[in-house]
Amino acid sequence: MGFFSKLRKGLEKTKGSFIKNIETVVLGYANIDDDMYDDLEAVLLTSDIGVETTDYLMDMLRTGVKNKSIRDTNDVVPYLQKCIADLLNENAESIDSHSDAVEVIFIVGVNGVGKTTTIGKLAKYYKQHGKKVMIAAGDTFRAAAAEQLTIWAQRTEVPIIKHREGADAAAVVFDATASAKAHGIDILLVDTAGRLQTKSNLMEELRKMARVASKNIEGAPQETLLVLDATTGQNAVSQAKLFGEVVPLTGVVLTKLDGTAKGGVILSVKRELGVPVRWIGVGEGVDDLRPFDAAEFADALFDRNITEREKEENDD
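For the sequence shown, position 41 (counting from the first letter as 1) is numbered 41 according to full-length UniProt numbering, and the numbering increases by one without interruption.
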């Protein structure tokens with residue numbers, strides 16, 4: 001099964017609780033009026049996308065009607081799909097680095113969201129695409145974190161830099177960045193502690209890790225990616241806001257989109273956090289984490305352009 005097919009399948013519960021309800025509302029009206037707006041707003045508010053994102057989409061729909069982009073109820077759902085794709089595509093950038101320097105990527109997130117697994121999958125993806133990858137076990141606080149990362153390093157056949165449990169995380173980063181430079185590494189993936197409950201300690205630790213990284217590699221870390229678990233719904237948005245206060249984020253990795261009815265949280269994360277969704281995960285397999293494509297996501301969510309997407313996968 002290609003990734004688009006997995007994405008469609010993974011979003012089935014979200015479609016059932018979100019898109020199908022929107023379509024049902026729209027089909028119930030011959031004309032666009034205030035009652036339809038009220039019913040649509042109610043559906044959006046109960047679809048785990050949050051108040052701010054609901055207000056945004058409702059404003060976009062009203063604007064579409066006003067400027068004649070929406071002429072009747074048949075235009076509502078396609079227009080909404082375009083709005084969602086445009087929202088998710090804001091500030092989107094290629095994941096490919098165009099620098100000759102080692103690209104240092106800090107991976108942050110609370111414990112339990114799948115940080116370790118995400119790092120392993122990222123290592124596999126980059127290696128498959130011709131990059132030399134190294135992992136740094138910068139979460140020296142959590143018991144067995146380095147051991148779990150070591151298993152992924154062995155599985156993906158990439159080197160790992162680690163110290164004993166309780167060691168200074170910045171020292172791990174210093175050794176890892178020095179080693180990455182010496183060995184011509186393209187991508188250095190750095191695990192970080194997830195103890196958000198001690199926010200001030202975490203902030204200082206991350207700042208120190210960043211300072212050390214930049215001493216060995218100018219501009220590092222070039223990326224700080226926040227890993228979020230889609231099944232937690234609006235709690236993921238709360239986590240994102242808190243981490244956004246702790247460290248400047250460049251992107252989000254949204255995991256476990258398959259099997260949840262709360263996939264609409266991706267809209268809230270983008271709208272309320274203002275940083276792009278860079279990667280999405282739709283399964284447990286090592287190849288089930290991919291760069292995020294807003295148009296592809298919208299097509300899968302709304303069941304549009306299916307034949308064309310599946311043909312593209314077959315051609316690849």
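Every residue gets a Cβ at the ideal spot worked out from N, C-alpha and C, and that includes glycine.
Reduced DSSP category for residue i - H, G, I as helix; E, B as strand; rest coil
| i | result |
| --- | --- |
| Thr255 | strand |
| Asp38 | helix |
| Ile107 | strand |
| residue 360 | An answer regarding residue 360 cannot be provided, because it is not within the stretch 1 to 316 covered by the chain. |
| Ile135 | strand |
| Asp75 | helix |
| Asp229 | strand |
| Leu273 | helix |
| Thr260 | coil |
| Thr250 | coil |
| Val286 | coil |
| Val102 | coil |
| residue 343 | It is not possible to answer for residue 343, since the shown part of the chain is limited to 1 through 316. |
Alpha helix (DSSP H) segment containing residue i, residue limits
| i | result |
| --- | --- |
| Ile185 | Neither: Ile185 is in no alpha helix (DSSP H) and is coded neither H nor E. |
| Phe18 | Neither: Phe18 is in no alpha helix (DSSP H) and is coded neither H nor E. |
| Ala298 | 294 to 302 |
| Glu313 | 306 to 315 |
| Lys199 | 199 to 216 |
| Thr63 | 51 to 66 |
| Phe4 | 3 to 10 |
Between the CA atoms of residue j and residue i - distance to the nearest angstrom
| i | j | result |
| --- | --- | --- |
| Asp139 | Glu23 | 45 Å |
| Leu202 | Thr117 | 21 Å |
| Asp86 | Met58 | 15 Å |
| Arg271 | Val113 | 21 Å |
| Lys256 | Ala42 | 26 Å |
| Val108 | Thr224 | 7 Å |
| Ala137 | Ile84 | 37 Å |
| Lys127 | Glu308 | 29 Å |
| Thr260 | Ala182 | 43 Å |
| Gln222 | Ile95 | 11 Å |
| Leu254 | Val277 | 7 Å |
| Val76 | Ala145 | 48 Å |
| Gln154 | Ala167 | 22 Å |
| Lys311 | Arg304 | 13 Å |
| Lys262 | Val227 | 16 Å |
| Ser268 | Asp48 | 8 Å |
Limits of the unbroken beta strand (DSSP E) element including residue i
| i | result |
| --- | --- |
| Arg290 | 289 to 291 |
| Gly281 | 277 to 281 |
Neighbour-count burial assignment, residue i, 16 or more Cβ in a 10 Å radius
| i | result |
| --- | --- |
| Asn314 | exposed |
| Gly219 | exposed |
| Val265 | buried |
| Thr54 | buried |
| Ser99 | exposed |
| Asn216 | buried |
| Glu90 | exposed |
| Gln81 | buried |
| Ser238 | exposed |
| Val51 | exposed |
| Lys68 | exposed |
| Leu27 | exposed |
| Asp293 | buried |
| Lys124 | buried |
Heavy atom of the ligand COA within 7 Å of residue i beta-carbon
| i | result |
| --- | --- |
| Gly283 | Only the bare structure without any ligand can be found here, which leaves the ligand COA out of the picture. |
Inter-stretch contact (C-beta, 8 Å, three-pair minimum) for the region 182 to 198 and the region 130 to 144: They touch, by the three-pair rule.
Meets three-Cβ-pair contact criterion under 8 Å: the region 60 to 78 and the region 97 to 110: They do not touch, by the three-pair rule.
Cβ pair count under 8 Å reaching 3, the region 293 to 306 against the region 4 to 17: Yes, since at least three Cβ pairs between the region 293 to 306 and the region 4 to 17 fall closer than 8 Å, the two stretches touch.
contact_flag[the region 210 to 221, the region 236 to 244] where n(CB pairs < 8 Å) is 3 or more: No, they do not touch.
The region 149 to 157 contacting the region 167 to 177, beta-carbon criterion three pairs below 8 Å: Result no; under three Cβ-Cβ pairs closer than 8 Å.
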